[in-house]
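Asker: Per UniProt numbering, residue 1 is the first one in the sequence shown, and the count goes up by one each step.
Here it is, the structure, as structure tokens.
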Amino acid sequence: MVDPVTARLWGFRSLYLLLAAIIVFVRLLPLDMTVPVLPGPDLLLALTFCWTIRRPAYVPVLLVAAVYLATDLMFQRPPGLGAALVIAGTEFLRSRRSQNRDVPFAFEWGLVTVVLVGMVAANHAVLALFAVDRPSFGSAVFRGLVTAAIYPAVAFLSAHVLNVRKPSPGKTDALGHRL
């Protein structure tokens, strides 16, 4: 028989993979053939950051790496660069988990915004270093800020629809390990 804690953990990992597949599928569909005026948000990145802050066990490093390597290949971006930057960002957020447990949402949102802008700057710098075609820096920063702007909606939906919330202080799992 499967332990309920393990089943819940793998259920949420499967849900993350399913949501990632849906987001990528929708982005690949040719829904609008006009040139967009404003860049759209990166919903997958906002979802990944939200779940990393709230329940890091639901989005392990290898799962994030596999998802973002696949998106790099599907969207014809430099293979591995986006995955490496997302892993660096998620690991930074994961390392601050104990300090961010009791902070207000505004601080969490600000931290995510700073990480997003840092990732955009690092991506732009690496692409410039290797002379790869890249969007303008202003456009890339604006896309990061649009992603940061939808972060509260992603956090709200994750908490109230998908039930991915921060553990309360002192909460332990079935084995007695602190969450």
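Just so it is clear, CB atoms sit at the ideal spot from N, CA and C, and this is done for glycine as well.
Can you tell me which of W10, G82, F12 puts its alpha carbon nearest to the alpha carbon of D42?
Answerer: When only C-alpha atoms are compared, the closest one is G82.
Asker: Within a Cβ cutoff of 8 angstroms, which residues of the same chain sit near V61, ignoring the five residues on either side of it in sequence?
Answerer: Here the set comprises I87, T90, E91.
Asker: Just to confirm my understanding: we take K166, look at its own chain, exclude 5 residues before and 5 after, and list those with CB closer than 7 angstroms. What are they?
Answerer: Result list for K166: R54, R101, in chain order.
Asker: Around the Cβ of M74, are there at least 16 other Cβ atoms within 10 angstroms (buried) or fewer (exposed)?
Answerer: The residue is exposed, with fewer than 16 neighbouring Cβ atoms inside 10 Å.
Asker: If you follow the alpha helix (DSSP H) that P152 is part of, which residue opens it and which one closes it?
Answerer: 137-160 is the extent of the alpha helix (DSSP H) around P152.
Asker: Taking 8 angstroms as the cut-off, does the region 63-77 touch the region 103-113 (at least 3 CB pairs, one atom from each stretch)?
Answerer: Touching, no.
Asker: Taking Cβ positions, are residue 245 and Y68 nearer each other than 8 angstroms?
Answerer: Given a span of 1 to 179 for the chain in the structure shown, any question on residue 245 remains unanswerable.
Asker: Out of curiosity, what's the CA-to-CA distance linking L19 and L44?
Answerer: Approximately 8 angstroms between the Cα atoms of the pair.
Asker: Suppose the cutoff is 8 angstroms on Cβ atoms and the five residues either side in sequence are ignored; what does the same chain contact list for I23 look like?
Answerer: If we look at I23 and ignore the five residues flanking it on each side, its Cβ neighbours are L43, L44, L47.
Asker: Is the beta carbon of R143 less than 8 angstroms from the beta carbon of P39?
Answerer: Yes, these two residues count as a Cβ contact at 8 angstroms.
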